[in-house]
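The block underneath contains the structure these notes are about, expressed in structure tokens.
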Amino acid sequence: MSGYVEAGYGVVLVSLAGYALSVVSRERKARRRAAGPLLPERAPGQQDEA
Amino acid sequence: MTRSRILTTTGVLALVGIAATVWLGLWVTPNAVNFGDLVRLLYIHPPMAWVAFLAYGMAFLSSLGYLWRRTRDPRLDRLAGASAEVGVVFTGLTLITGSIWGRPTWGVWWTWDPLLTTTALLFVLYLGYLALRRVPGDPEVVARRSAIAALIAFVDVPIVYFSVSWWRSLHQAPTVDLSGRHLYVHGSMAWTLLLGFVSFTLAYAWLTAHRYRLAALADREADEGLRQALDERRAEGEVLV
Amino acid sequence: MRDAWLVAGKDLRIEFRSRVAVNQVIPFAAAVILLFGLALGPSRQVLAPASAGLFWVAVLLSSVLVTQRSFAVEASDGARDALRLSGLDPAGIFLGKALAVAVELLALEALLTFGVAVLYGARLTGALVLFAACVAATVGLAAVGIVYGAVASGLRVRETLLPLLFLPVAAPVLLGATKAWDEALKGTPSGGLGWLSLLAVFAVLYVAIGTVAFGPLLEES
Amino acid sequence: MAPAVSLREAVALAGHFPLLSGASLEIEEGEVVHLRGPNGAGKTSLLRMLCGLVALHSGSAVVLGHDLALDRRGARRSVGLLGHQSFLYDELTVEENLRYSLRAFGVDPLRAGVAAERLGLGGRLASTQVLKLSAGQRRRTALALLVARDPRLWLLDEPHAGLDQEGRDLLDEIVSESRSDGRTVLLSSHEHERAAPLCDRVIWLAGGRVVKEPVVVA
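Below, the structure is given as structure tokens:
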């Protein structure tokens, strides 16, 4: 194969995966913020709980 | 949580579909006469373009809905923003794959082909739209001016396409000559192409839904902040009563 | 419509007094034309055929300035407030401001035409098509410019945002006007008629959109 | 008779900052009301909302029969604001500014001359470009516009600020006059002694809403 085709597929797959990951991770972060307390009143040691 | 399940299913289907498209596209389908293995780009490039236009159409329709007073709803604004952003990603990919196609076919990375040129202009148009959306302000004002910008941008699309193709037809560039290189799409090729369209459309739906959720969460967070600010502001008066 | 005349008259009077168009926009356009000459010249064989395109790029860039100016005169930072408090019909404001911008641009184009003729050696043939293209293209540019000007006005990033929003939308105008001019300058003005109709469609469409959209844009209700 | 201004739990925002945090008040037609409150209490925001410059986020607001959630333009046409910004065109003369605005509101532009004369802007000043005026003269020009328009509801935001003694007296005279003409006036001012004799009652603002008369806390 010429390499062009692979490059095309590669660019598409990598970009879409990257974009999807960024959206999902931002969404997850926002969800965690929404679930957690709004004010930073966490007790020390509590932040490790996932 | 059925809605979540539908979304997850869509995502899985999209993933499987894209994987199958790649597999069929790269290894199963035959090379085409005149095109060699470049024909394999056919399974991803047109679907990219289709999704981009679909996304902009969606953004246009929801902006229109937002502007019409009786259907005004912040959800429509969010959908417009989400769809346009996904559209910009796919437009970028359309340009890149088109360019990759063009290099071995025509010997140049870029040709002023009507579709390619229109797509490039679309890319900048909607980058501007997204830039406008990011300017902070009163949520309602932002939504309204974004909707108007989306309207103006989308109306421009057919005019751009028409003018560029007319412009091109007057300047027959000798390097690009598709006449006589008929491409017969048949059998496994047709199925792969169809699969490409379907799975990238599903991917669009999945991405837009998640982008929409992200926007909804951000909005809810802002609302929460607003409630808190409102309480604080009201308390300012309390001290004096 | 009465409001439109009122607004246009006011804008043009302010422009006439302040002479920003004369002192800044015209010199700017002249500089652009000169720079194109430096970049592509000095051979007239190169410049003369390109003059239509260069002319319209210069007009396009200048129209960004004229549009920005049109909103700068509305009480500097309170442009939208001033317009909203004016008691005028939004459609009237839109038409009036667009008309004022169009008149200013037409004056600029008249001057630039001579500049192009002198500097690039373009032979001005097909005057009727040249003129018609100017009118149609200018109306379209003014309409899009005023809508986006209002969209961007009041934003802290307006100076950078307006060109980004405006220029891609104006691409068909650039194309149509350039081609119409090309045909006219080549001595085949009838070839430009199709492009003229494209410009006319663009102008009509965006004048209509602006007339309708300006209300929601200003009123925010 | 319907009140001239009626607010119920009105909230107005600037981005995500609440300018008004649930203001409720009612003002009858013909009343002259003095708005008081500390800096940042929301006086200017209230006035700007009443003339439709700041959007109503929630709650209700009716001005002279126009619901601000639906018909801000109608409200704007019957309301006159004298704010911190004077919204004049620098390049135009005093008279041109007045005539333009009056025609925009559909008022006979000939009233510009009389109003300008009254505010001490006659003669040479009338044909002076606004950019050459002093701050006080600009304020007088804005006031002249209000006098010529004679709107049903006057919104005066710190009207005494920046005026000389003569101008202040003139302003008081104008307010008393519009009061006897049955106009409704909302006037925000920190100069209580100056404003009190002009007004029928006081409305206190604090924290973006209407409060009872505050007891100053130590």
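Residue numbers (our numbering), protein chains in the order written: chain W, 1 to 50; chain P, 1001 to 1241; chain G, 2001 to 2221; chain B, 3001 to 3218. Glycine included, every Cβ here is placed at the ideal spot set by N, Cα and C.
With a 10 Å radius around its C-beta and 16 neighbouring C-beta atoms as the bar for buried, classify residue i as buried or exposed.
i               : result
F1090 (chain P) : buried
A17 (chain W)   : exposed
R1958 (chain G) : Nothing in the structure corresponds to residue 1958 (chain G), since chain G is present only between 2001 and 2221.
D2182 (chain G) : buried
Q1172 (chain P) : With a pLDDT of 44 at Q1172 (chain P), under the threshold of 50, the modelled position of this residue cannot be trusted, and the question is left open.
R2158 (chain G) : buried
K29 (chain W)   : exposed
E2109 (chain G) : buried
L1178 (chain P) : Bear in mind that the predicted position of L1178 (chain P) carries a pLDDT of just 42, short of 50, making it unreliable; the figure below should be weighed with that in mind. With fewer than 16 Cβ atoms within 10 Å of its Cβ, L1178 (chain P) is classed as exposed.
I1006 (chain P) : exposed
D3164 (chain B) : exposed
W3204 (chain B) : buried
H3034 (chain B) : buried
A3014 (chain B) : exposed
Spell out the partners DSSP gives residue i in its beta bridges.
i               : result
L3081 (chain B) : B:L3155
L3035 (chain B) : B:S3188, B:I3203
S22 (chain W)   : Partner(s): none; S22 (chain W) has no beta bridge.
I1044 (chain P) : According to DSSP, which records beta bridges pairwise, I1044 (chain P) is partnered with nothing at all.
E3026 (chain B) : B:S3006
H3066 (chain B) : B:V3063
A3013 (chain B) : Just to set this straight, residue 3013 (chain B) is Leu in the shown sequence, not Ala. B:P3018, per the DSSP bridge assignment.
V3210 (chain B) : B:L3205
S3058 (chain B) : B:V3011
So with CB distances below 8 Å, who are the chain B contacts of residue i?
i               : result
L1230 (chain P) : V3011, P3018, S3021, G3022
L2006 (chain G) : Y3100, R3103, A3104
R2013 (chain G) : E3091, L3092, E3096
Measure the C-alpha to C-alpha separation of residue i and residue j and round it to an integer number of angstroms.
i               : j               : result
T1021 (chain P) : R1233 (chain P) : 57 Å
A3012 (chain B) : G3022 (chain B) : 8 Å
L1122 (chain P) : A2132 (chain G) : 28 Å
K2186 (chain G) : T2178 (chain G) : 12 Å
D1231 (chain P) : H3057 (chain B) : 15 Å
A3069 (chain B) : E2219 (chain G) : 11 Å
L2162 (chain G) : A1014 (chain P) : 38 Å
A2050 (chain G) : P1046 (chain P) : 35 Å
V1016 (chain P) : G1196 (chain P) : 11 Å
L1076 (chain P) : P3038 (chain B) : 40 Å
D3181 (chain B) : V3210 (chain B) : 27 Å
E1085 (chain P) : R1133 (chain P) : 10 Å
A2208 (chain G) : A3196 (chain B) : 52 Å
T2067 (chain G) : D1223 (chain P) : 36 Å
F2214 (chain G) : I2146 (chain G) : 9 Å
H1182 (chain P) : Y2120 (chain G) : Caution applies to H1182 (chain P), whose pLDDT of 49 falls short of 50 and renders its modelled position unreliable; the value that the coordinates give is listed next. Distance between the alpha carbons of H1182 (chain P) and Y2120 (chain G) is about 44 Å.
V2139 (chain G) : T2211 (chain G) : 13 Å
W1167 (chain P) : L3145 (chain B) : 54 Å
L2012 (chain G) : L2047 (chain G) : 34 Å
P1174 (chain P) : T1119 (chain P) : Confidence is the limiting factor: at P1174 (chain P) the pLDDT is only 38, short of 50, which leaves the residue's position unreliable and the question unanswerable from this model.
M1048 (chain P) : R26 (chain W)   : 24 Å
Which residues of chain B have a Cβ atom closer than 7 Å to the Cβ of residue i, listed in chain order?
i               : result
L1038 (chain P) : Within 7 Å Cβ-Cβ: nothing; L1038 (chain P) doesn't reach chain B, min ~51 Å.
S2070 (chain G) : Chain B residues near S2070 (chain G): none, gap ~12 Å exceeds 7 Å.
S2018 (chain G) : E3091
For residue i, return the contacting residues in chain P, with the cut-off set at a CB-CB distance below 9 Å.
i               : result
L21 (chain W)   : By Cβ distance, chain P contributes nothing, its closest Cβ being about 11 Å from L21 (chain W), past 9 Å.
G3015 (chain B) : P1136, G1137, D1138, P1139
A3055 (chain B) : D1138, E1140, V1141
Which chain G residues sit within Cβ distance under 9 Å of residue i?
i               : result
R3076 (chain B) : R2084, L2085, S2086, G2087
V1164 (chain P) : A2171, P2172, L2175
Just the chain P side, please: which residues come within less than 7 Å of residue i by C-beta, in chain order?
i               : result
F2202 (chain G) : I1159
G3052 (chain B) : None at all; the shortest Cβ gap to chain P is about 14 Å.
Along chain B, in chain order, which residues have C-beta atoms closer than 9 Å to that of residue i?
i               : result
V2103 (chain G) : Ordered by position in chain B, no residue passes the 9 Å Cβ test against V2103 (chain G), which lies about 17 Å from the chain.
V2073 (chain G) : Y3089, D3090, E3091
Name the chain P residues whose beta carbon is nearer than 8 Å to that of residue i?
i             : result
V11 (chain W) : L1093, I1096, T1097, I1100
A30 (chain W) : L1214, L1217, A1218, E1221
Just to make sure I have the definition right: I need the residues of chain W whose C-beta is within less than 9 Å of the C-beta of residue i. Which are they?
i               : result
L1026 (chain P) : M1, V5, E6, Y9
Considering only heavy atoms of the ligand MN, does any lie closer than 7 Å to the CB of residue i?
i               : result
W2056 (chain G) : No copy of the ligand MN appears in this structure; indeed no ligand is present at all.
Just to make sure I have the definition right: I need the residues of chain W whose C-beta is within less than 7 Å of the C-beta of residue i. Which are they?
i               : result
R1233 (chain P) : Those within 7 Å of R1233 (chain P) in chain W number zero; the least Cβ separation is about 17 Å.
I1044 (chain P) : G8, Y9, V12
R1103 (chain P) : Y4
In chain W, which residues lie less than 8 Å from residue i when you measure between Cβ atoms?
i               : result
P1139 (chain P) : None at all; the shortest Cβ gap to chain W is about 16 Å.
R1075 (chain P) : Those within 8 Å of R1075 (chain P) in chain W number zero; the least Cβ separation is about 16 Å.
In the region 1200 to 1227 of chain P, which residue ranges form an unbroken beta strand (DSSP E) of at least 3 residues, counting only runs that do not cross its ends? none
Residue ranges of each alpha helix (DSSP H) within the region 2069 to 2095 of chain G, 4 or longer: 2079 to 2085
4-residue-minimum alpha helix (DSSP H) runs that sit fully inside the region 3070 to 3146 of chain B, ordered along the chain: 3072 to 3077, 3094 to 3104, 3111 to 3118
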